[in-house]
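The structure appears below as structure tokens.
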Amino acid sequence: MSEETTVSASSVWPEDAADVEEGYLANWFVRPGATVEAGETLCEVQVEKVSVDVPAPVDGTLTERLVEEGDEFTREDPLARIDSDD
1 MSEETTVSAS SVWPEDAADV EEGYLANWFV RPGATVEAGE TLCEVQVEKV SVDVPAPVDG
61 TLTERLVEEG DEFTREDPLA RIDSDD
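Residue numbers (UniProt numbering): 1 to 86.
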């Protein structure tokens, strides 16, 4: 049975930007429908002047991007959904 997992940037938010609540999505490296492995880089986000890679939290299929390149988001906003096989 598959389970849907939401991906956010909160776990990789830079410590030196702890008081910053917004960032923007710089690049996607994975397209919807692609199979991903836990730890694989899904996208790059920009917070203040720091670029951070956001990894897949689980193995599965990237089913949906919820934020597109150039879009702003908050620390807790979901960036994507992954359908896992767990």
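By construction, the Cβ of each residue, glycine as well, lies at the ideal position given by its N, Cα and C atoms.
Check: Any idea what DSSP makes of aspartate 83, helix, strand or coil?
Finding: Position 83 of the sequence shown, counted from the first residue, corresponds to residue 83. Reduced to three states, the DSSP call for aspartate 83 is strand.
Notebook entry, point to check: For valine 54, which three-state DSSP category applies?
Noted result: Translated into the one-based positions of the sequence shown, residue 54 becomes position 54. Correct three-state label for valine 54: strand.
Note to self: Helix, strand or coil, according to DSSP, for valine 12 in the structure here?
What the structure shows: Along the sequence shown, one-based indexing puts residue 12 at 12. Note: valine 12 maps to helix in three-state DSSP.
Notebook entry, point to check: Would the beta-carbon of proline 45 fall within 8 angstroms of that of valine 36?
Noted result: Translated into the one-based positions of the sequence shown, residue 45 becomes position 45. Translated into the one-based positions of the sequence shown, residue 36 becomes position 36. Before going further, note that residue 45 is valine rather than proline in the sequence given. It is not a contact, given that the beta carbons lie outside the stated cut-off.
Check: Excluding sequence positions up to five away, which residues of its chain have a Cβ less than 8 angstroms from the Cβ of glutamate 76?
Finding: The residue given as residue 76 occupies position 76 in the sequence shown. Excluding residues within five positions, the ones whose Cβ falls inside 8 angstroms are Ser8, Ser10.
Next item on the list: If I'm right that leucine 25 touches glutamate 68 with Cβ under 8 angstroms, what's the distance once you round it to whole angstroms?
Entry: By 1-based counting over the sequence shown, the position of residue 25 is 25. By 1-based counting over the sequence shown, the position of residue 68 is 68. Right, the Cβ-Cβ distance comes to about 7 angstroms (below 8 angstroms), so this counts as a contact.
Check: How many Å lie between phenylalanine 73 and alanine 38 at the Cα?
Finding: Numbered from 1 along the sequence shown, position 73 holds the residue referred to as residue 73. Numbered from 1 along the sequence shown, position 38 holds the residue referred to as residue 38. Approximately 23 angstroms, taken between the alpha carbons.
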